[in-house]
């Protein structure tokens, strides 16, 4: 059990000075596993990305501080070297795309979707000078060499859902549309990128789940639970930076504060309870998985284990990376206190 964090979290003018993180590690006790090949493979992948996407300093140093190689090592501990390289290429690329969409408008998002999905649909013949599209062509040509047909089609489908959701959120933000919890939860599952990471579990393990498995309500509920945990814990970790940029539109904490009239700490605590309930839903559905026969059941067990690795891997990586807490990740992990950053002047 982690020590109880005790801090004064209000400042002299009654505005919150910070908040205490939920003890997410007590609720997520899955073992953290590590892929031994990740650092070597990821270095090569990063150099490839910097060349193909024309990334230069200081962006190179900022990108390396994300420690995406740790995320990949935690989330795909059993992937072999060849598959790990393609996982690395995709995930390194996806972080650059995510940041691009965060700063872009709806036309940028729609244009990115058209280019990237066209590249995935026909990576050999589709021609583009867009670096994002060229990168898609490169990694997906290699992806299809070993991916099964169902896995391949699912990957394209869920990445398309991501781009559609991203464009819709950019449009909603521009129009001032405000989410309640119900309208927030479903599109957030498409925006996390977790659905593509779930498909990559199949790819890394060289399995291709039958349609009757991936469409089964228990499998879908298990995926939703894992996705919700990853999304909502991410919202907790990213809230501080987002509030400093006046950009909490797609953040669970802000949604709860608006919808339910909660103060910051109460909204953080509520978010932590939702994360805990997501873990319980994941386990409850794992316990009632049906059987499809010995071989398919073996593949399903690999898939569920992969989602578990993603849950615990993203949790640990969030404190290793500079993405949310800068250089203070270990301190924040230990003390669980977040001091609010000052808001950037508009």
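Residue numbers (our numbering): 3 to 348.
No residue lacks a Cβ here, since even glycine has one placed at the ideal position from N, Cα and C.
Every value quoted in this text rests on a predicted model; they were computed, and no experiment measured them.
Of the other Cβ atoms in all chains shown, fewer than 16 fall within 10 Å of the Cβ of residue 58; this residue is therefore exposed. Rounded to whole angstroms, the separation of the alpha carbons of residue 44 and residue 83 is 10 Å. Beta bridge pairing from DSSP links residue 20 with 341.
The C-beta separation of residue 227 from residue 284 comes to about 4 Å, placing the pair in contact by the 8 Å criterion. Taking residue 52 as reference, the option from 134, 111, 42, 297 with the minimal CA-CA separation is 134. In this model, residue 149 and residue 142 are separated by some 10 Å (Cα to Cα). Inclusion of residue 331 and residue 77 in the CB contact set at 7 Å is not warranted, their separation being larger than that value. In the three-state DSSP reduction, residue 147 falls in the coil class, being neither helix nor strand. By the Cβ criterion, the region 64-72 is not in contact with the region 168-184, since fewer than three pairs of Cβ atoms, one from each stretch, lie closer than 8 Å.
Contact between the region 194-201 and the region 148-162 is established, with three or more Cβ pairs separated by less than 8 Å. For residue 93, the enclosing alpha helix (DSSP H) has its first and last residue at 83-105.
About 12 Å separates the beta carbons of residue 70 and residue 86, which is beyond the 8 Å limit, so they are not a contact pair. With contacts defined by Cβ atoms closer than 7 Å, residue 119 and residue 54 do not form a contacting pair. Cβ-Cβ distances below 6 Å link residue 266 to 18, 21 in the same chain, with the five nearest sequence neighbours on each side left out; the list follows chain order. Proximity to residue 74 across 114, 308, 129, 234 peaks at 308, based on C-alpha coordinates. Within the region 238-276, the complete alpha helix (DSSP H) segments at least 4 residues long are 254-262, listed from N- to C-terminus. DSSP places residue 234 within a helical segment (H, G or I) once states are collapsed to three.
Between the region 287-297 and the region 220-237, the count of Cβ pairs shorter than 8 Å is three or higher; the stretches touch.
Taking 7 Å as the cut-off, the beta carbon of residue 89 is found closer than this to the beta carbon of residue 202. Straight across, the Cα-Cα distance linking residue 127 with residue 343 is about 48 Å. Residue 104 holds the alpha-carbon nearest to the alpha-carbon of residue 164 among 177, 104, 204, 211. Counted as a single uninterrupted DSSP element, the alpha helix (DSSP H) harbouring residue 62 occupies residues 61-66. The alpha-carbon of residue 347 is positioned some 20 Å away from that of residue 326.
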